[in-house]
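Structure record follows, encoded as structure tokens.
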Amino acid sequence: MGCALVTGASRGLGAIIAERLATDGWKVVVNYANDTAGATAVADRIGQGAYVARFDVTDEEAVRRGVAEIHEHAGPIGVVVNNATGPQPLMPVEKQTWNDHLDQLRFFVKAPLLLLQAALPDFRAAGGGRIVNVGSEVVDLGNADYGHYVSAKAAMHGLTRSWARELGPLGITVNTVEPGWIPVERHAGEDVSEYRQQVPLGHMGVPADVAEAVAFLSSPAARFITGQRLAVNGGRTMS
Ligand SMILES: NC(=O)c1ccc[n+]([C@@H]2O[C@H](COP(=O)([O-])OP(=O)(O)OC[C@H]3O[C@@H](n4cnc5c(N)ncnc54)[C@H](OP(=O)(O)O)[C@@H]3O)[C@@H](O)[C@H]2O)c1
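Under the working numbering, think of the first position of the sequence shown as 136, with each following residue one higher.
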């Protein structure tokens, strides 16, 4: 079965995804870059089936070392959930620099690429594997002042589509889960009322809603689903 690596799992959606995958019996790798207390608390809540792995997913050498340590302590990788994110500042296009775009591409294209390349030998040995990319509804909505983030998330789904076709013959599925606005720690105190009015189901989502979708796509039940986008946003966007 291998272990499930959840990037950026010291808080927010990643923490709840890690906890949810553990309930399905996955040995879960709680990755993070800075917040040791947060990652340790997540691992403590999971208990025995958790391994904490501190490495910067955007750094090639750090990923190489991090995955070597995962192999040593948690075994081969069976699932990669690309969830980690850095800051996502809103800014008008006149203010956006190429570096602002690279900041997003590092998380949503570079990190998934490095992690896929690191996990591929395990997937090949096991005859399959799962990748779940955590995208965003902004790809469908095209939010203003967000070209750097929107385009990087769109590129991430481009990886999903290309990898699904290329790696399908190896038994590897690749899918994107697209959350709407799911308030987490970093949104504390923000007013959700205007957003909530545009949600057909009439309420905000919670991290567990996203975690359920990731758990499904990581499970044997989703074995014939690949290259797909699953919006988890109460119907705010529709396909
Ligand atoms: N929450 C939402 O409303 C929402 C909506 C749509 C899409 N999403 C997507 O869902 C994902 C999670 O979002 P979130 O709201 O849960 O974010 P968050 O609360 O800010 O958490 C980000 C996580 O990424 C980790 N991280 C940051 N830099 C890292 C690095 N270089 N290497 C490894 N880990 C790193 C952080 O841990 P450390 O600080 O310890 O490094 C933290 O655990 C993102 O991809 C985001 O774009 C979220």
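Where is the CB? At the ideal position from N, CA and C, for every residue including glycine.
Buried versus exposed, by CB contacts within 10 Å (16 or more), residue i
i	result
residue 265	buried
residue 242	buried
residue 291	buried
residue 305	exposed
residue 328	exposed
residue 233	exposed
residue 203	exposed
residue 356	exposed
residue 368	buried
residue 155	buried
residue 158	exposed
residue 196	exposed
residue 145	buried
residue 374	exposed
residue 311	buried
Identity of the residues DSSP links to residue i by a beta bridge
i	result
residue 141	165 and 216
residue 267	216 and 310
residue 186	164
residue 366	313
Inter-residue CB distance, residue i and residue j (contact presumed, cutoff 8 Å)
i	j	result
residue 119	residue 147	Because the chain spans 136 through 374 in this model, residue 119 falls outside it and cannot be assessed.
residue 160	residue 167	That pair is no contact at about 23 Å.
residue 334	residue 370	7 Å
residue 138	residue 163	7 Å
residue 288	residue 273	6 Å
residue 344	residue 317	7 Å
residue 253	residue 198	6 Å
Any chain B beta carbon closer than 8 Å to residue i
i	result
residue 258	Absent here is chain B; the protein component of the structure consists of one chain.
Given 8 Å as the limit, is there contact between the stretch 220–231 and the stretch 174–181, that is, 3 or more CB pairs closer than that? no
Please determine if the stretch 273–286 and the stretch 319–334 are in contact, where contact requires at least 3 C-beta pairs separated by less than 8 Å. no
Any chance the stretch 286–305 sits against the stretch 349–358, with 3 or more Cβ pairs inside 8 Å? no
Evaluate the contact criterion for the stretch 265–280 versus the stretch 211–218: three or more CB pairs, one atom per stretch, below 8 Å. yes
Should the stretch 183–190 be called in touch with the stretch 240–258, which here means at least 3 C-beta pairs below 8 Å? no
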